[in-house]
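**Q** In the numbering used here, the protein residues as written are 690 to 1109.
Take this structure, written in structure tokens, and hold onto it; I'll ask about it next.
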């Protein structure tokens, strides 16, 4: 009944954080618990050292965007793939993959890379209806390739290693990118999307690579430091902020002191949105736990599934549907406590499940009606959601193929964590 009431409030248009709060508060009152429980559980949920990484990663992403890193990444990607059929489309996906390894945000990747490449692609004869959904899907790689805010939240809630989750996201993110690059190449051949006249010379590649090297070094510092045990994911976020300021302000010299106020305000707003959801979600998790909701859901699903295969299929369907109208972080905090007891019964690895959940929900970021990345790319291309839909469907199909591979071949998620 609690879950049903929650989704009714969602559909009425209440913000996700307040929906969680309203449902939880009413249930606390109905169960006869003192009201102080509400404040205690919210404070406990937000009072976590691991969650300190969230505002720091958001801040570093904004600093990198303003500091000119995205343009250098695009230029380097263009030297590698720009000469191929549908070259700019393939460049856009490769650039999204590089940028994902810097920001961990789907919206930031879509805005940063799309803002540069969508106008350029349209100028070169690409259809707007193809460009916009492609950049939205490319941006969805952001929360999979580390660093990743959804994986950070999941790791905190599930009490599993955030470092292993980050490392585990590398191969799934690469698969998403490669799938979209192959699709772009096929479409480019069919529609005669012509690349650059000449292949970049080795000298040009090295020159652009050198200019982008400081940008591309960032993910190596973050992941290398975590894997080697030099610093934690939270400490890596702080290092990312310092690195972004130094590179953007003193080396690229595109980040100005006057930009800092706007960057800080934007980062604070984004952080507030995430942490308010986390705080209310902590209260909601406590409420459903004391009311045995996870056990009830587990019992129900156990009665209709008889194998790990069918369980993961049902969970995928639920998460794909939820991702179309609930934002990624909110969905993580709602469904993690519901599904963890069940996947434990069937022996699904918690790292593997975290990546399944993240991939499901990021697909939702480029799927109507929520599809925030579609709105970002559509606003850049100046086209409606309806105009994007035809070309969007096969791209979603590509991402669903990757989802099935990640779901049923656990080694794709667990290979790198097991090595490192």
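Ideal Cβ placement from N, Cα and C applies to all residues, glycine included.
Run the CB neighbour count on residue 950, radius 10 Å, all protein chains shown included, and call it buried at 16 or more, exposed below.
**A** As a working mapping, residue 950 is identified with position 261 in the chain shown. Classification of residue 950: exposed, given that the 10 Å Cβ count is below 16.
**Q** So, with DSSP's three-state summary, where would you put residue 888?
**A** Start at 1 with the first residue of the chain shown, and residue 888 comes out as number 199. Residue 888: coil per DSSP, three-state reduction.
**Q** Roughly how many whole angstroms lie between the Cα atoms of residue 890 and residue 783?
**A** Within the chain shown, residue 890 is the residue found at index 201, counting from 1. Within the chain shown, residue 783 is the residue found at index 94, counting from 1. Going by the C-alpha atoms only, they are around 19 Å apart.
**Q** Do residue 1021 and residue 706 have their CB atoms nearer than 7 Å?
**A** Translated into the one-based positions of the chain shown, residue 1021 becomes position 332. Translated into the one-based positions of the chain shown, residue 706 becomes position 17. The answer is no: Cβ separation not under 7 Å.
**Q** My output table needs one value for residue 1041: the three-state DSSP class, helix, strand or coil.
**A** As a first step, residue 1041 must be located in the chain shown, where it is residue number 352. The answer is helix: DSSP assigns residue 1041 an H, G or I state.
**Q** Along the alpha helix (DSSP H) that carries residue 1007, what are the first and last residues, could you check?
**A** Mapped onto the chain shown, residue 1007 falls at position 318. 997–1012 is the span of the alpha helix (DSSP H), which, as asked, contains residue 1007.
**Q** Kindly give me the distance between the Cβ atoms of residue 957 and residue 745, rounded to whole angstroms, as I take these residues to be in contact under 8 Å.
**A** Working through the chain shown from its first residue, we reach residue 957 at position 268. Working through the chain shown from its first residue, we reach residue 745 at position 56. 12 Å between Cβ atoms; not a contact.
**Q** Under 7 Å, do residue 804 and residue 1069 count as touching if we go by C-beta distance?
**A** Along the chain shown, one-based indexing puts residue 804 at 115. Along the chain shown, one-based indexing puts residue 1069 at 380. For residue 804 and residue 1069, yes; Cβs fall inside 7 Å.
**Q** CB residue 900 to CB residue 761, shorter than 7 Å?
**A** Numbered from its first residue, the chain shown carries residue 900 at position 211. Numbered from its first residue, the chain shown carries residue 761 at position 72. Going by C-beta atoms, residue 900 is nearer than 7 Å to residue 761.
**Q** Would you call residue 767 buried or exposed, if buried means 16 or more other Cβ atoms sit within 10 Å of its Cβ?
**A** Against the chain shown, residue 767 aligns to sequence position 78. Its Cβ being crowded by 16 or more others within 10 Å, residue 767 is buried.
**Q** With distance defined between alpha-carbon atoms, name the residue in 849, 829, 838 and 879 nearest to residue 862.
**A** The sequence position of residue 862 within the chain shown is 173, counting from 1. Nearest of 849, 829, 838 and 879 to residue 862, Cα basis: 829.
**Q** Return no unless some Cβ of chain C is closer than 7 Å to the Cβ of residue 987.
**A** You won't find chain C in this structure, because it holds only one protein chain.
**Q** Which class does residue 994 belong to by DSSP, given the choice of helix, strand or coil?
**A** By 1-based counting over the chain shown, the position of residue 994 is 305. Looking at residue 994 - three-state DSSP - the assignment turns out to be coil, as it is neither helix nor strand.
**Q** Less than 8 Å between the CB atoms is what I'm expecting for residue 1084 and residue 826, so what's the real figure, rounded?
**A** Start at 1 with the first residue of the chain shown, and residue 1084 comes out as number 395. Start at 1 with the first residue of the chain shown, and residue 826 comes out as number 137. Right, the Cβ-Cβ distance comes to about 5 Å (below 8 Å), so this counts as a contact.
**Q** Would a C-beta distance cut-off of 7 Å place residue 943 and residue 756 closer than the cut-off?
**A** One-based indexing of the chain shown puts residue 943 at position 254. One-based indexing of the chain shown puts residue 756 at position 67. Yes.
**Q** Is the beta carbon of residue 1044 closer than 7 Å to that of residue 1100?
**A** Numbered from its first residue, the chain shown carries residue 1100 at position 411. Numbered from its first residue, the chain shown carries residue 1044 at position 355. Taking 7 Å as the Cβ cut-off, residue 1100 and residue 1044 do not qualify as a contacting pair.
**Q** Hey, would you say residue 983 sits closer than 7 Å to residue 1057, going by beta carbons?
**A** Residue mapping note: residue 983 aligns to position 294 of the chain shown, counting from 1. Residue mapping note: residue 1057 aligns to position 368 of the chain shown, counting from 1. No, these two residues do not count as a Cβ contact at 7 Å.
**Q** Assuming residue 857 and residue 1105 form a contact by the criterion Cβ under 8 Å, report the distance between their Cβ atoms to the nearest whole angstrom.
**A** Position 168 of the chain shown, counting from 1, holds the residue named residue 857. Position 416 of the chain shown, counting from 1, holds the residue named residue 1105. Rounded, the Cβ-Cβ distance is 6 Å, consistent with contact.
**Q** Is residue 742 near residue 922, with beta carbons less than 7 Å apart?
**A** Translated into the one-based positions of the chain shown, residue 742 becomes position 53. Translated into the one-based positions of the chain shown, residue 922 becomes position 233. Going by C-beta atoms, residue 742 is nearer than 7 Å to residue 922.
**Q** Spatial neighbours of residue 1004 within its chain, please: CB distance less than 7 Å, with the 5 preceding and 5 following residues excluded, ordered by chain position.
**A** Against the chain shown, residue 1004 aligns to sequence position 315. So the qualifying residues of the chain are 1028.
**Q** Under the three-state reduction of DSSP, which class applies to residue 751: helix, strand or coil?
**A** Residue mapping note: residue 751 aligns to position 62 of the chain shown, counting from 1. Helix, per DSSP.
**Q** Do the CB positions of residue 796 and residue 1061 come within less than 7 Å of each other?
**A** For the purposes of this step, residue 796 is taken as the residue at position 107 of the chain shown. For the purposes of this step, residue 1061 is taken as the residue at position 372 of the chain shown. Yes, the Cβ-Cβ distance between residue 796 and residue 1061 is below 7 Å.
**Q** Check whether the Cβ atoms of residue 794 and residue 750 lie closer than 7 Å to each other.
**A** Walking along the chain shown from the start, residue 794 turns up at place 105. Walking along the chain shown from the start, residue 750 turns up at place 61. Yes, these two residues count as a Cβ contact at 7 Å.
**Q** Throw me the rounded Cβ distance for the residue 721 and residue 972 pair, which I believe falls under 8 Å.
**A** Within the chain shown, numbered from 1, the residue matching residue 721 stands at position 32. Within the chain shown, numbered from 1, the residue matching residue 972 stands at position 283. Contact flag wrong, Cβ pair sits at about 16 Å.
**Q** When burial is assigned at 16 or more other CB atoms within 10 Å of the CB, is residue 764 buried or exposed?
**A** The residue you call residue 764 lines up with position 75 of the chain shown. Buried is the call here.
**Q** Quick check on residue 736: does DSSP put it in helix, strand or coil?
**A** The residue you call residue 736 lines up with position 47 of the chain shown. Three-state result, residue 736: coil.
**Q** State the Cα-Cα distance for the pair residue 809 and residue 1055, rounded to the nearest angstrom.
**A** Residue numbering aside, residue 809 sits at position 120 when the chain shown is read from its first letter. Residue numbering aside, residue 1055 sits at position 366 when the chain shown is read from its first letter. Whole-angstrom Cα-Cα distance: 21 Å.
**Q** CB residue 873 to CB residue 779, shorter than 7 Å?
**A** As a first step, residue 873 is located in the chain shown; it is residue number 184 there, counting from the start. As a first step, residue 779 is located in the chain shown; it is residue number 90 there, counting from the start. Yes; because the gap between Cβ atoms is below 7 Å, this pair is in contact.
**Q** Which complete alpha helix (DSSP H) runs does the region 840–881 hold, if anything under 4 residues is left out?
**A** For the region 840–881, whole alpha helix (DSSP H) runs of length 4 or above, ordered along the chain, are 851–857 and 859–880.
**Q** Less than 7 Å between the C-beta atoms of residue 710 and residue 969, yes or no?
**A** Within the chain shown, the letter at position 21 stands for residue 710. Within the chain shown, the letter at position 280 stands for residue 969. Closer than 7 Å, so yes.
**Q** How should residue 839 be labelled, buried or exposed, when 16 other C-beta atoms within 10 angstroms of its C-beta is the threshold for buried?
**A** Working through the chain shown from its first residue, we reach residue 839 at position 150. Residue 839 comes out buried.
**Q** Can you tell me whether DSSP reads residue 799 as helix, strand or coil?
**A** Along the chain shown, read from residue 1 onward, the residue named residue 799 stands at position 110. Helix.
**Q** Considering only residues of the same chain and omitting the five flanking positions on each side of residue 851, which have a CB-CB separation below 6 Å?
**A** As a position in the chain shown, residue 851 is number 162, starting the count at 1. So the list reads 841, 844 and 922, once near-sequence residues are dropped.
**Q** Reducing DSSP to helix, strand and coil, say where residue 1049 ends up.
**A** For the purposes of this step, residue 1049 is taken as residue 360 along the chain shown, with counting starting at 1. Here residue 1049 sits in helix by DSSP.
**Q** Got a sec, what are the start and stop residues for the alpha helix (DSSP H) residue 820 sits in?
**A** By 1-based counting over the chain shown, the position of residue 820 is 131. Residues 817–828.
**Q** Is the distance from the Cβ of residue 1038 to the Cβ of residue 822 below 7 Å?
**A** Stepping through the chain shown from its first residue, residue 1038 is reached at position 349. Stepping through the chain shown from its first residue, residue 822 is reached at position 133. The answer is no: Cβ separation not under 7 Å.
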